[in-house]
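Protein chains in written order, with the numbering used here: chain A, 1 to 254; chain B, 1 to 251.
Just so it is clear, CB atoms sit at the ideal spot from N, CA and C, and this is done for glycine as well.
Structure first, commentary second.
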């Protein structure tokens, strides 16, 4: 078995930023067959809407992880789309030059907002995926800044030339799976919440193994738990290889 | 030996979690190396009276010694004496409470006679503070998890009761520690962080941690993974896997 974890935060709320901790984090993954990890950055350390300087700080930390362990960590460029076109494009260009392979969007705005246009244009220009934080807003009434699965699916439909990763399968829930159904350029990552029974099998049934990628949300979650909740899905060995490794490898162009 | 202290039997209408029969549940747990499990009836959580579901559970597990039935009691109902009478017939003389589903506060003075009687009868107590992630709860079930401050108030009100509180997360345990609450044990089902159990053992006495899978809500393999990958001493591992449950429930 081998896996790529497409959703991790080795530095989380200002903790974990040292060579020793980066190594420990990677070693924990390697011990459980996680061959590579995508570091999405310490995305909430400055709150929901970091300014330009703070965004650069977060991405510089991710870059340092990539330099410490280039064979292990893959960086995604964290953005605040609300900052506007110029800062967004400048930061994407800077991060791409540093070797980042994707864009991470948290809760600065809703995925339907107009400010997403330059972000998606940059993703298309550099041919990199966009991982959008997503959670069902049925109970969490914060849709102004958070994205419901309906919003992320809408984003993917509006930009069919960009690969969108809808984060948090468990947080998206059964309704979220149905929102993602039939959107070719959309995959859902398996992270988010506790290891709830039933949801992965439902996603496999409706989306198929080509549209699901393994993600853990470490360190909020634990690798053993997130791997086992994925391995417990009703999949053929070929489908399991896609979910754990192949789909991420394709999306990240490894 | 592995004893699972947090298992339900029955169907939860808001998810597609497996709906095992008692026999299937016993086989499922056995296949995962779980030798005994404390099982409560899910039907009792939403029913107007838990007694019919408790009776059905006792009947369903009668020939399955690996499943130890834990009846649900709703102390807000007038016939709680009758519920306790039935609970006392169970093999573990243990009751389980769901304060948020049954609409009462643990620290309410109207329940003092009930908890006095629980102590008098020497019944053991399990308190469920949540059975699902409230962010994903069915939208029409407008309730909150049992607040940690309420648990703390309850623990201070009844210092001689030492309940097993199931469904606590690491932040809840930290909050209870800050509030100087020590007369409780906790299960592992909702404890998750990087290196969950090792982290928990560093902050919370291992003798008060009991393994709980929360099957069938949670994937059993995933709940077990926390234990399997944890860096623990042999003594702590044995205590969490079975020793603490044996001592707590007199198994």
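Classify residue i as buried or exposed, calling it buried when 16 or more other Cβ atoms lie within 10 Å of its own Cβ.
i              : result
residue 5(A)   : buried
residue 202(B) : exposed
residue 180(B) : exposed
residue 205(A) : exposed
residue 143(A) : exposed
residue 247(A) : buried
residue 217(A) : buried
residue 189(B) : buried
residue 163(A) : buried
residue 89(B)  : exposed
residue 33(B)  : exposed
residue 44(B)  : buried
residue 231(B) : exposed
residue 233(B) : exposed
residue 139(B) : exposed
residue 226(B) : buried
residue 21(B)  : exposed
residue 156(A) : buried
residue 71(A)  : exposed
Taking 9 Å as the CB-CB limit, is residue i close to chain A?
i              : result
residue 225(B) : yes
residue 4(B)   : no
residue 221(B) : yes
residue 135(B) : yes
residue 139(B) : yes
residue 175(B) : no
residue 132(B) : yes
residue 17(B)  : yes
residue 23(B)  : no
residue 229(B) : yes
Rank the options by C-alpha distance to the C-alpha of residue i and give the top, closest one.
i              : options                          : result
residue 69(B)  : 53(B), 79(B), 82(B) and 81(B)    : 53(B)
residue 183(B) : 39(B), 153(B), 82(B) and 1(B)    : 153(B)
residue 114(B) : 138(B), 75(B) and 25(B)          : 75(B)
residue 212(B) : 22(B), 37(B) and 16(B)           : 37(B)
residue 60(B)  : 120(B), 199(B), 78(B) and 24(B)  : 24(B)
residue 200(A) : 240(A), 131(A) and 185(A)        : 240(A)
residue 150(A) : 126(A), 188(A), 9(A) and 67(A)   : 188(A)
residue 171(B) : 186(B), 163(B) and 71(B)         : 186(B)
residue 8(A)   : 243(A), 226(A) and 231(A)        : 226(A)
residue 193(B) : 95(A), 223(A) and 237(A)         : 223(A)
residue 107(B) : 209(B), 127(B), 93(B) and 197(B) : 127(B)
residue 191(A) : 93(A), 203(A) and 184(A)         : 203(A)
residue 36(A)  : 14(A), 108(A) and 23(A)          : 23(A)
residue 249(A) : 235(A), 213(A) and 185(A)        : 213(A)
residue 61(A)  : 126(A), 87(A) and 100(A)         : 100(A)
residue 131(B) : 97(B), 117(B) and 199(B)         : 97(B)
Going by DSSP, which residues form a beta bridge with residue i?
i              : result
residue 73(A)  : 37(A)
residue 218(B) : 196(A)
residue 12(A)  : 15(A)
residue 212(A) : 188(A)
residue 63(A)  : Paired residues: none, contrary to the question.
residue 104(A) : 78(A) and 131(A)
residue 209(B) : 186(B)
residue 97(B)  : 127(B)
residue 4(B)   : 37(B)
Does the beta carbon of residue i come closer than 9 Å to any beta carbon on chain B?
i              : result
residue 228(A) : yes
residue 174(A) : yes
residue 190(A) : no
residue 170(A) : yes
residue 231(A) : yes
residue 201(A) : yes
residue 225(A) : yes
residue 237(A) : no
residue 197(A) : yes
residue 41(A)  : no
residue 193(A) : yes
Measuring from the CB of residue i, is there a heavy atom of the ligand HEM at a distance below 8 Å?
i            : result
residue 9(A) : Within the structure as shown, the ligand HEM is missing, as the structure has no ligands at all.
Taking C-beta pairs closer than 7 Å, name the residues in chain D that residue i reaches, listed in chain order.
i              : result
residue 217(B) : In the structure shown, chain D does not exist; the protein chains are A and B.
Legend entry - Under 7 Å (Cβ pairs) to chain A, residues found in the stretch 183-207 of chain B: 190, 192, 193, 194, 195 and 196
Inset, instruction - Mind checking the stretch 130-151 of chain A against chain B and listing, in chain order, the residues whose C-beta falls within less than 8 Å of any C-beta there? - result: When C-beta distances to chain B are compared with 8 Å, the residues of the stretch 130-151 of chain A below that value are 135, 136, 138, 139 and 140, in chain order.
Inset, instruction - Using a Cβ-Cβ cut-off of less than 9 Å, give me the residues of the stretch 24-35 of chain A that come near chain B, in sequence order. - result: 25, 28, 31 and 32
Inset, instruction - Note down, in chain order, all residues in the stretch 212-223 of chain A with a beta-carbon under 8 Å from any beta-carbon belonging to chain B. - result: Cβ contacts with chain B come from 218, 219, 220, 221, 222 and 223.
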